[in-house]
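Note sheet for the following structure.
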Amino acid sequence: MSITHEIMSIEQRLDIIKDRLNDSGGKSATKLIAVSKQQPDDRISQALAAGVTVFGENRVQEAQTRWGETFAAHHGKLELHLIGPLQSNKAAQACALFDVIHTLDRSSLAKALAKHRDQGHDLPKLFVQVNTGEEEQKSGVLPRDLSVFLKSMDEGFGLTVAGLMCIPPLDEAPSAHFMLLRQLARDHGLAELSMGMSGDYETAAKLGATYVRVGSALFGPRP
Ligand SMILES: *Cc1c(COP(=O)(O)O)cnc(C)c1O
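According to my numbering, the sequence shown holds residues 488 to 710 in order.
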């Protein structure tokens, strides 16, 4: 990141990111999720002042403090995305807070979500996380297991899945993973693709991302 980039305001960085998304030649409908995890409150305030309304968080508790308490006055006007792992025992809390969950990856979580729905609640929009790099330490459904998993979401739990999400391995070119995710989504008739972060959001947009998840390129490095 250049020095000039460092001293730019969040508003200026937002303009640059939006321009790059528009210029990427991909889907004009690529939406930006501002990943606010671990960022200090004054940067969140700047993003809100710049007109950002779509935020991403990776921890339920941290998000609850930020969007349920500190910035609670804004909550109803925002679209909040959970992009980190979700424990089944926090499913109800997450559903109350978030509009979209990107990390559905196992039956126990599906069961908790279905139970919450059966108690009369609306569910957030759901993405299935796919472990495209087949990394042992990473969560997500393996590509070869995806068909069976999606079938069980539908037939076993009555859950509607909107799309797929991936986090490519750090040491590999992301484009192959984005193309794999896009192909898997096509194969299963899913419209939404959550892929691309600060280092590769333009590539992801070119390859059909409907959501990119950008943190440090917008807010600056996490302290
Ligand atoms: C932190 C995080 C991001 C944003 O990362 P940056 O590199 O700061 O843009 C995107 N997606 C997920 C799942 C994350 O945990």
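Virtual Cβ for every residue (Gly too), placed ideally from N, Cα, C.
What is the chain-ordered set of residues for which the beta carbon lies under 6 Å from any non-hydrogen atom of ligand 1?
V522, K524, N545, I570, G571, I654, M684, S685, R700, V701, G702, S703 and A704
The alpha helix (DSSP H) spanning Q574 covers which residue range?
By one-based count along the sequence shown, residue 574 stands at place 87. No alpha helix (DSSP H) contains Q574, which DSSP labels as neither H nor E.
Which two residues bound the contiguous alpha helix (DSSP H) that contains L584?
Taking the sequence shown and counting its residues from 1, one reaches residue 584 at position 97. Looking at the DSSP string, the run of the alpha helix (DSSP H) that includes L584 is A578 to L584.
As assigned by DSSP and simplified to three states, the class of L677
The residue you call residue 677 lines up with position 190 of the sequence shown. Coil.
What alpha helix (DSSP H) runs, 4 residues minimum, are completely inside the stretch 617-646?
633-638
By DSSP's criteria, R700 is part of a beta bridge. Which residues make up the other side?
The residue given as residue 700 occupies position 213 in the sequence shown. Per DSSP, I520.
Cα-Cα separation, P708 to V701
Within the sequence shown, residue 708 is the residue found at index 221, counting from 1. Within the sequence shown, residue 701 is the residue found at index 214, counting from 1. Taking the straight line joining both Cα atoms gives about 11 Å.
Own chain, CB closer than 6 Å to S511, minus 5 neighbours either side, in chain order:
To locate residue 511, count along the sequence shown from 1; it is residue 24. These residues qualify, in order along the chain: E689, A692 and K693.
DSSP beta-bridge partners of V587
Here residue 587 refers to the residue found at position 100 when the sequence shown is read from its first residue. According to DSSP, V587 bridges with H568 and K612.
Can you give me the C-alpha to C-alpha distance between L519 and G650, rounded to a whole angstrom?
Translated into the one-based positions of the sequence shown, residue 519 becomes position 32. Translated into the one-based positions of the sequence shown, residue 650 becomes position 163. Their Cα atoms are separated by approximately 16 Å.
Would you mind sorting G607 into buried or exposed? The rule is 16 or more other CB atoms within 10 Å of its CB.
As a first step, residue 607 is located in the sequence shown; it is residue number 120 there, counting from the start. The residue is exposed, with fewer than 16 neighbouring Cβ atoms inside 10 Å.
Report the partner residues of F542 according to the DSSP bridge assignment.
The residue given as residue 542 occupies position 55 in the sequence shown. DSSP output for F542 lists A521 and L567 as bridge partner(s).
Can you tell which of S523, Q616, L637 and P710 has the C-alpha that lies nearest to the C-alpha of T540?
For the purposes of this step, residue 540 is taken as residue 53 along the sequence shown, with counting starting at 1. Per the Cα distances, S523.
In three-state DSSP terms, what is V495?
The residue you call residue 495 lines up with position 8 of the sequence shown. First, the amino acid is wrong: residue 495 is Met here, not Val. M495: coil per DSSP, three-state reduction.
Member of L573, G643, A583 and I654 whose CA lies at the smallest distance from the CA of L591:
Translated into the one-based positions of the sequence shown, residue 591 becomes position 104. Looking at the Cα atoms, L573 is the closest of the given residues.
Report yes if the C-beta distance between F542 and A521 is below 7 Å; otherwise report no.
Walking along the sequence shown from the start, residue 542 turns up at place 55. Walking along the sequence shown from the start, residue 521 turns up at place 34. Taking 7 Å as the Cβ cut-off, F542 and A521 qualify as a contacting pair.
Span of the beta strand (DSSP E), counted from its first residue to its last, around L651:
As a first step, residue 651 must be located in the sequence shown, where it is residue number 164. First-last of the beta strand (DSSP E) with L651: G650 to M652.
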